[in-house]
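**Q**
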Amino acid sequence: MSLKDRINDDVKAAMRGGDARRRDALRLLLAALKQREVDERKELADPDVVAIMEKMIKQRREAIVQFEKGGRQDLAQNEQFEISAIQSYMPQALSDAEIEAAISEALATIGARAPSDMGKVMGVLKVKLAGRADMTKVSALVKSRLAGN
Numbered sequence: 383m384s385l386k387d388r389i390n391d392d393v394k395a396a397m398r399g400g401d402a403r404r405r406d407a408l409r410l411l412l413a414a415l416k417q418r419e420v421d422e423r424k425e426l427a428d429p430d431v432v433a434i435m436e437k438m439i440k441q442r443r444e445a446i447v448q449f450e451k452g453g454r455q456d457l458a459q460n461e462q463f464e465i466s467a468i469q470s471y472m473p474q475a476l477s478d479a480e481i482e483a484a485i486s487e488a489l490a491t492i493g494a495r496a497p498s499d500m501g502k503v504m505g506v507l508k509v510k511l512a513g514r515a516d517m518t519k520v521s522a523l524v525k526s527r528l529a530g531n
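Numbering (my numbering) for the sequence shown: 383 to 531.
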C-alpha cells in the first residue's frame, strides 16, 4: 500500500472515529499531495510524498516560532499537532551516529576538503538521507566539518 493510500485510509478512520483534529491535519496533507499531482500531472510516488511532508513540517516549525513570538500559544500548539500527525508517516529517523557516518562517507567519496565543496556533499546526502534526517541539521554539520571544526 502506498503512503498516499495509507494517509487516505487514516483520514477515513479519523472521520469514523470522530477525531476532527487528526482528520483536518491529514486533509491538509492530502490537499498538498493532490495539488502537486495536479500541478505536475502525474501520480506521486512515495519519495515525492515524503518530500512534500518534509516541506510541510518545515513550514509548520517556522510558523510555530512566529506564533510563539506573537504570544499565540494556541496556534503554536495546533501547528505542533499537525507536525506530529505528519511525522507519523515519515520514514524512521536516523540516529546522530548514523548521520555522522553518512557525512563522513560522503566527504570521503567526493574528496571534499573546502567549504566550496558543500554543494556537492549536500547533493549526495540529500538523496541518501531524504526523509530520514533534518537536512538543516545535516547542512550545519557538513559546514562545520568542511570548515575544519
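Quick reminder that beta carbons are idealized off the backbone N, C-alpha and C, glycines included.
As the structure is a computational prediction, the values presented were derived from the model and not from experiment.
Please report the Cβ distance between ALA467 and ALA407, rounded to the nearest whole angstrom; I am assuming they are in contact, meaning their Cβ atoms lie under 8 Å.
**A** On the sequence shown, residue 467 is found 85 positions in, with the first residue counted as 1. On the sequence shown, residue 407 is found 25 positions in, with the first residue counted as 1. With a Cβ gap of about 4 Å, ALA467 and ALA407 count as contacting.
**Q** Looking only at C-alpha atoms, which of VAL420, GLU464, LYS451, ASP430 sits nearest to GLN441?
**A** Numbered from 1 along the sequence shown, position 59 holds the residue referred to as residue 441. It is GLU464.
**Q** Answer with buried or exposed for LYS382, where buried requires no fewer than 16 other C-beta atoms within 10 angstroms of its C-beta.
**A** Absent from the model: residue 382. The displayed extent of the chain is 383 to 531, so no value can be given.
**Q** Label ARG363 either buried or exposed according to how many other C-beta atoms from any shown protein chain fall within 10 Å of its C-beta, with 16 as the threshold for buried.
**A** Only positions 383 to 531 of the chain appear in this structure, which leaves residue 363 out of reach.
**Q** Which word fits VAL503, buried or exposed, when buried means at least 16 other C-beta atoms lie within 10 angstroms of its C-beta?
**A** Position 121 of the sequence shown, counted from the start, is the residue given in the question as residue 503. VAL503 comes out buried.
**Q** Could you give the first and the last residue of the continuous alpha helix (DSSP H) run that contains SER486?
**A** By 1-based counting over the sequence shown, the position of residue 486 is 104. It spans 478–492 - the alpha helix (DSSP H) in which SER486 sits, taken as one unbroken run.
**Q** Would the stretch 470–484 count as touching the stretch 441–460 if we require 3 or more Cβ pairs under 8 Å?
**A** no
**Q** Just to confirm the assignment, what range does the alpha helix (DSSP H) spanning GLU419 have?
**A** The residue given as residue 419 occupies position 37 in the sequence shown. Start and end: 402–422.
**Q** How would you write the range of the alpha helix (DSSP H) that ASP430 sits in, first residue to last?
**A** For the purposes of this step, residue 430 is taken as residue 48 along the sequence shown, with counting starting at 1. 428–451 is the span of the alpha helix (DSSP H), which, as asked, contains ASP430.
**Q** With a cut-off of 9 Å, does the C-beta of GLY501 fall near any C-beta of chain B?
**A** No chain B appears in the structure shown, which is made up of a single protein chain.
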